[in-house]
Structure formats: C-alpha cells, structure tokens
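2 protein chains.
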Amino acid sequence: MARAATTTDVFNAIAEPRRRTIIDVLARGDQAVGQIMARLRIAQPAVSKHLRVLRKVGLVSVRKEGRLRLYRLNARELKPVHDWAKRFEEFWTHQLDRIKDRAEKKASDASRQNAPKKGPT
Amino acid sequence: MARAATTTDVFNAIAEPRRRTIIDVLARGDQAVGQIMARLRIAQPAVSKHLRVLRKVGLVSVRKEGRLRLYRLNARELKPVHDWAKRFEEFWTHQLDRIKDRAEKKASDASRQNAPKKGPT
DNA sequence: TTGACATATTCCGATATGGGAATATAATCT
DNA sequence: AGATTATATTCCCATATCGGAATATGTCAA
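In order, the protein sequence lines correspond to chains A and B.
Numbering (this note's numbering) for the first sequence: 1305 to 1425.
Numbering (this note's numbering) for the second sequence: 1305 to 1425.
This is the structure we're talking about:
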C-alpha cells in the first residue's frame, strides 16, 4: 500500500501547507480562484488542483457566478482535527509536572509487563 | 516537486491514521514497540517505521530499557495543529447564521471586485 | 464568429510513500 | 559461543503526489 490519497480524509488534505493557506483565506469570506491565486502566489492550475482536493473531502464548496467560481469554506469538516488535537491540550496548558509523573507511572507499569527482569522500585 | 515527506512537519506526520493511533496509545503512558504492535495489530517493522517518522518530527522520543525501546509522546508538538484548527472553532460552536451572513457579505464584496458585470442589487 | 478572460483537466516526471519479506543489530539468557 | 527476544533497517513495488506546460471548457463581449 502506498501513502493514502490526499482526498482520503481531512487529515490528509490539510497536510499540504498551501491547502491550509487556502483554507485560511477562505475563512475570511468566499473567494474566486483568481483571488486565491493572487494571495498564494502560485499558478492557477495548482490552485484548481488544491481546491479539487479540498472539495473532495468536503472542506469547500463551489458556486458559479458568471465566469467566476466562488469557493466557500465548510469549516465544520475541520472539527475532527480540532477534536483530536484538543485531547492533548493539557500537555501544554497545564504545568507539566503532573503530566510527566502520570506518564512515568504508566510507563513503569508498561515496562514491568514486558520486561519483568528489570525489577521495579 | 512531489508530495512533501511525511517527516516534513507534524501535519504531514499525523496524516497517517496509524500514526495518530500510536500517538493516542502513547498518550496513556510510555510504551515499548511490542505493546504498540499489539494494540495496532500491525507488523513490527511497520510500527518501527511509523515511530521513526514520529521521532523525526519530534512527536516522540525514545529511551532504552534493556532490550526494549520505550517511546514517549512529546505532545507539545501537536500544539500547532491544535492552534490552527482552533481558529475555526467558532464555525461549529456558534450558531451558524451569523457566520454565514458574514461570509456572504465578504463574498459579494469579492465577486464585485472581479466580476463587476454581474452587478449586485 | 471571433476573441478575451476564468477556471478545470490532462499529461508529464521526479519523488516519497507504506507494507511485506528478509536481514541486521542489540541485549539477554543458557 | 549459540540461541532467543526486541527492535531497526534494507530492499522491493504499486501507487499517488505536486507542479509545470499545454490544452480544454465555459462565459461574456464586440
């Protein structure tokens, strides 16, 4: 198996930094491809390709207006990312000592399970 | 240019679901490769390879204990992910109407810039 | 129709992937 | 030393990537 497609899920889609930038740009309001192109300073086909990926994972939607394609962010698709990352928030917001202690305790439990030779205490 | 390496940054590293699972497992305390292997139900070389990626981006560190390699999560490296995703939190926590309105307003500004022909109102 | 503009798609190539299989390294035991 | 256990590395390959260049599609204007 090779690397999962970028269109597999949101996590894969946002791995590419330019796609995150596009998301940032769209967060300020719907934009046409040309505008995104201008902000990102990358060629038009590249922008279209990135937008396609974002569309496939549901992060953006398109609407036609004249010859323009206005893209809209569907930020709710980012919730899984936020939810997942949020579970680790305590690791940098709380003072670290308690976390470290807890981790060390569990760690010694773990090593005891697999390496009983290296006696505890 | 091809796709960025998985070791380029945290966003690329966590795109792979098994690596996120490893992170989840390590969040409960340090673990040896064998334990991770058991939880993920994937072969040992695969685990080692994933751990290598996580190490390269600083998400985990290793410590030797006998023949074991105990891996520890360095969750603080996930802060950028959380910070980035958090900026969109309002999009799903607040009631959507205001957000939508704001987006639509900006959108019409945008389209007016590039497509004055399709004059609004 | 012809032309200009906005965007999408196709083709190309260099590159990295992730898993499996085999092998290497390291630590420990007998 | 030899055997066993734990983990890492190497080799292989099918696959998808991202950007660039070229081209296709679609919309509006003269």
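Built from N, CA and C at the ideal position, the CB exists for glycine as well.
Nothing here was measured: the structure is a model prediction, and the numbers come from that model.
Query	Result
Sorry if obvious, but does the Cβ on Arg1332/A come closer than 7 Å to a heavy atom of the ligand MG?	This structure simply doesn't include the ligand MG, nor any ligand for that matter.
How long is the line joining the alpha carbons of Arg1359/B and Glu1369/A, rounded to whole angstroms?	47 Å
State yes or no: is the C-beta of Val1366/A within less than 8 Å of the C-beta of Leu1377/A?	no
For Gln1335/B and Arg1324/B, what's the separation of their Cα atoms in angstroms?	15 Å
For Phe1315/B and Glu1320/A, what's the separation of their Cα atoms in angstroms?	8 Å
Rounded C-beta distance between Ile1327/A and Leu1363/A? I'm assuming under 8 Å.	7 Å
Going straight from the alpha carbon of Trp1396/A to that of Val1329/B, what length do you get?	18 Å
Can you pull the DSSP bridge partners for Leu1377/B?	Val1364/B
Show which residues of chain A have a CB atom less than 8 Å away from the CB atom of His1386/B.	His1386, Ala1389, Lys1390, Phe1392 and Glu1393
Ala1347/B CB to nearest chain A CB: under 8 Å?	no
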